Amino acid sequence: MDGVNHSTVSEFVFLGLTNSWENQLLLFLFSFSFYLASMMGNLVIVFTVTLDIHLHSPMYFLLANLSVIDMFFCSITAPKMICDIFKKHKAISFCGCITQIFFSHALGGTEMVLLIAMAFDRYVAICKPLHYLTIMSPRMCLYFLVTSWIIGFIHSLVQLIFVVDLPFCGPNILDSFYCDLPRLLRLACTNTQELEFMVIVNSGLISVGSFVLLVISYIFILFTVWKHSPGGSFKALSTLSAHITVVVLFFGPLMFFYTWPSPTSHLDKYLAIFDAFITPFLNPVIYTFRNKEMKVAMKRLCSHLLHYRKIS
Numbered sequence: 002m003d004g005v006n007h008s009t010v011s012e013f014v015f016l017g018l019t020n021s022w023e024n025q026l027l028l029f030l031f032s033f034s035f036y037l038a039s040m041m042g043n044l045v046i047v048f049t050v051t052l053d054i055h056l057h058s059p060m061y062f063l064l065a066n067l068s069v070i071d072m073f074f075c076s077i078t079a080p081k082m083i084c085d086i087f088k089k090h091k092a093i094s095f096c097g098c099i100t101q102i103f104f105s106h107a108l109g110g111t112e113m114v115l116l117i118a119m120a121f122d123r124y125v126a127i128c129k130p131l132h133y134l135t136i137m138s139p140r141m142c143l144y145f146l147v148t149s150w151i152i153g154f155i156h157s158l159v160q161l162i163f164v165v166d167l168p169f170c171g172p173n174i175l176d177s178f179y180c181d182l183p184r185l186l187r188l189a190c191t192n193t194q195e196l197e198f199m200v201i202v203n204s205g206l207i208s209v210g211s212f213v214l215l216v217i218s219y220i221f222i223l224f225t226v227w228k229h230s231p232g233g234s235f236k237a238l239s240t241l242s243a244h245i246t247v248v249v250l251f252f253g254p255l256m257f258f259y260t261w262p263s264p265t266s267h268l269d270k271y272l273a274i275f276d277a278f279i280t281p282f283l284n285p286v287i288y289t290f291r292n293k294e295m296k297v298a299m300k301r302l303c304s305h306l307l308h309y310r311k312i313s
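Every letter in the sequence shown is one number past the one before it in my numbering, and letter 178, counting from 1, is 179.
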């Protein structure tokens, strides 16, 4: 690299998901509803955990940070997609495309590591309850959080540092509704096989590795519960099955994007909807709204707010 951007392409054009007006209307209602619900749900979680002293524990600290990441993550692509749905010319600048890729990979990598930290937290709580507060100290929670952000940003930078100086001098059409590395690399006016392999190794490895670690941790938890309390294994399975559902929906599309060599179908852009809209919506539902302690805390917070309004 010589530090100069040789690109003659100033913008990229998205083809979007559909050209049918009826389908565009349905897509707008779907995406806007899920985006609004995701933002509101995660915002409620952050405020509840922050303001309720009963939720100042390692598990809820990690959950609140997951909600913050989800709000940022779904805001990378969702608002532009919603605004572009009815536009004929769905364009994004070269810098805007690179920025979108950087933050989507940075936040995606951060969320992967944070999900592993949350699984570790549940493992310690169930398998080593007497040592839980010692192991999951505030310092350890902060360490998990800082580490997840550092790994996420390094993961993103390692890929983009080789992409920003690629020459883009030909087609600028992206058959998607957002920018991502596999499709962008195929538009470069040079041989990018080595870079594509690097992306598969980098993004594919972190996706598959994180998924395997999470599955192993869930199996360990279920085995420990079954060993000590056979009757409680069904309850644990019921709880963890919801968590596994979110993990599969989050990692499934990612593993398809970055481990499937040179995808030729349009399936990847439809699978991306799960990570852009559905997973950020399901996280608060699965991890918190099904939690009795969280629901009690939200009711308590609402009653305090109503009481404060009556006094004022």
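Every residue, glycine too, gets a C-beta built ideally from N, C-alpha and C. Being a predicted model, the structure only gives us computed values, none of them experimental.
Could you tell me the alpha carbon to alpha carbon distance between Gly148 and Leu283, rounded to whole angstroms?
As a first step, residue 148 must be located in the sequence shown, where it is residue number 147. As a first step, residue 283 must be located in the sequence shown, where it is residue number 282. The question names Gly, yet the displayed sequence has Thr at residue 148. So the alpha carbons of these two residues sit roughly 24 Å apart.
By the three-class DSSP mapping on this structure, what secondary structure does Ala92 have?
For this step, residue 92 is matched to residue 91 along the sequence shown. In this structure, Ala92 counts as strand in the three-state DSSP scheme.
Comparing alpha-carbon positions, which option in Arg123, Phe74, Phe252 lies nearest Ser62?
Here residue 62 refers to the residue found at position 61 of the sequence shown. A small correction: the amino acid at residue 62 is Phe; Ser does not occupy that position in the sequence shown. Taking only the C-alpha atoms, the option nearest Phe62 is Arg123.
Kindly list the residues whose CB is nearer than 6 Å to the CB of Trp150, restricted to its own chain and excluding five residues on each side of it in sequence; keep chain order.
The residue labelled residue 150 in the question sits at position 149 within the sequence shown. Cβ within range, chain order: Thr111.
Spatial neighbours of Thr260 within its chain, please: CB distance less than 7 Å, with the 5 preceding and 5 following residues excluded, ordered by chain position.
Counted from its first residue, the sequence shown places residue 260 at position 259. Around Thr260: Ile201, Gly205, Val209.
Please report how far the alpha carbon of Leu223 lies from the alpha carbon of Ser105, in whole angstroms.
Along the sequence shown, read from residue 1 onward, the residue named residue 223 stands at position 222. Along the sequence shown, read from residue 1 onward, the residue named residue 105 stands at position 104. Taking the straight line joining both Cα atoms gives about 32 Å.
Cβ of Asp269 within 9 Å of Cβ of Pro183?
Taking the sequence shown and counting its residues from 1, the one referred to as residue 269 is at position 268. Taking the sequence shown and counting its residues from 1, the one referred to as residue 183 is at position 182. Yes, the pair counts as a contact, with Cβ atoms nearer than the cut-off.
Looking at the secondary structure, which residues open and close the alpha helix (DSSP H) in which Phe154 lies?
Within the sequence shown, residue 154 is the residue found at index 153, counting from 1. Segment 139-161, the alpha helix (DSSP H) holding Phe154.
Can you find a heavy atom of the ligand HEM that lies under 8 Å from the Cβ of Gln25?
Only the bare structure without any ligand can be found here, which leaves the ligand HEM out of the picture.
Comparing C-alpha positions only, which one of Pro59, Pro80, Leu306 sits nearest to Phe1?
The structure shown does not extend to residue 1, since the chain is modelled only from 2 through 313, so no value can be given for it.
In its own chain, which residues sit with a C-beta less than 7 Å from the C-beta of Asn203, not counting the 5 before and 5 after it?
Your numbering for residue 203 matches position 202 in the sequence shown. Cβ within range, chain order: His156, Val159, Gln160.
Could you pull the DSSP bridge partners for Leu1 from this structure?
Because the chain is modelled from 2 through 313, residue 1 falls outside the range shown and cannot be assessed.
With distance defined between alpha-carbon atoms, name the residue in Val248, Asn292, Thr193, Leu175 nearest to Ser94.
Counted from its first residue, the sequence shown places residue 94 at position 93. The residue with the shortest Cα to Cα distance from Ser94 is Leu175.
Would you say the region 20-31 touches the region 62-77, given that touching needs at least three Cβ pairs under 8 Å?
Touching, no.
When the Cα of Glu195 is compared with those of Ile99, Cys180, Phe163, which residue comes out closest?
As a first step, residue 195 is located in the sequence shown; it is residue number 194 there, counting from the start. For Glu195, the nearest C-alpha among the options comes from Phe163.
So is His90 buried or exposed if we call it buried at 16+ other beta carbons inside 10 Å?
Indexing the sequence shown from 1 puts residue 90 at position 89. By the neighbour-count rule (16 or more Cβ atoms within 10 Å), His90 is not buried but exposed.
Leaving out five residues before and five after Phe33 in sequence, what residues of the same chain have Cβ atoms less than 7 Å from its Cβ?
For the purposes of this step, residue 33 is taken as residue 32 along the sequence shown, with counting starting at 1. Once the five neighbours on either side are set aside, the close Cβ partners of Phe33 are Ile83.
What do you get for His244, buried or exposed, if any count of 16 or more other CB atoms within 10 angstroms of its CB means buried?
Looking up residue 244 in the sequence shown gives position 243. With 16 or more Cβ atoms within 10 Å of its Cβ, His244 is classed as buried.
Would you grab the beta carbon distance between Leu108 and Phe74 for me? Rounded to a whole angstrom, and I think it's under 8 Å.
The residue given as residue 108 occupies position 107 in the sequence shown. The residue given as residue 74 occupies position 73 in the sequence shown. So it is a contact: roughly 4 Å between Cβ atoms.
Report yes if the C-beta distance between Pro285 and Asn43 is below 9 Å; otherwise report no.
Start at 1 with the first residue of the sequence shown, and residue 285 comes out as number 284. Start at 1 with the first residue of the sequence shown, and residue 43 comes out as number 42. Closer than 9 Å, so yes.
Can you give, in chain order, each stretch of the alpha helix (DSSP H) that sits fully within the region 59-116 and has at least 4 residues?
Within the region 59-116, the complete alpha helix (DSSP H) runs of at least 4 residues are 59-85.
Quick check on the burial criterion: 16 or more other C-beta atoms within 10 angstroms. Buried or exposed for Met41?
The residue labelled residue 41 in the question sits at position 40 within the sequence shown. It counts as exposed.
Am I right that Thr135 and Pro168 are in contact with their C-beta atoms under 8 Å? What's the rounded C-beta distance?
As a first step, residue 135 is located in the sequence shown; it is residue number 134 there, counting from the start. As a first step, residue 168 is located in the sequence shown; it is residue number 167 there, counting from the start. About 55 Å; that fails the 8 Å criterion.
Would Thr280 pass as a contact of Leu241 if the rule is Cβ separation under 9 Å?
If you number the sequence shown from 1, residue 280 lands on position 279. If you number the sequence shown from 1, residue 241 lands on position 240. Not a contact, by the Cβ cut-off of 9 Å.
Rounding to the nearest angstrom, what Cα-Cα distance links Phe35 and Thr100 in this structure?
As a first step, residue 35 must be located in the sequence shown, where it is residue number 34. As a first step, residue 100 must be located in the sequence shown, where it is residue number 99. In a straight line, the C-alpha of Phe35 is about 23 Å away from that of Thr100.
What's the call for Val213, buried or exposed, on a 16-neighbour Cβ count within 10 Å?
As a position in the sequence shown, residue 213 is number 212, starting the count at 1. So Val213 ends up on the exposed side.
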